[in-house]
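Notes follow once the structure below has been shown.
Residue numbers (this note's numbering): 58 to 129.
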């Protein structure tokens with residue numbers, strides 16, 4: 058499985074175009090780590106709280122996998 062980061066630019070999400078793409082493990086790991094840093098708020102909505110926890114777990118897994126690939 059490949060994990061990658063894409064950079065889009067456009068007037069809106071619907072009209073955006075890819076301007077950059079990277080599967081570099083270092084970039085993927087750093088991006089996941091930064092997303093984890095900014096999503097430290099506690100979700101007060103009982104419906105969304107499990108989703109936020111799952112998102113953080115996915116980011117931790119992506120970061121760990123990228124770091125493991127980087128060290129190969």
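Don't be surprised by glycine CBs; every beta carbon is placed ideally from N, CA and C. The model shown is predicted, which means the values in this text are computed figures rather than measured ones.
Residue pairing by DSSP places residue 62 opposite 79 in a beta bridge. When DSSP reads this structure, residue 122 sits in no beta bridge, so it has no partner.
Short of 7 Å from the beta carbon of residue 84, and not among the five residues preceding or following it, lie these beta carbons of its own chain, in chain order: 62. Per DSSP, reduced to three states, the secondary structure at residue 100 is coil, with no helix or strand assignment. With distances taken between CA atoms, residue 77 lies nearest to 66 out of 94, 71 and 66.
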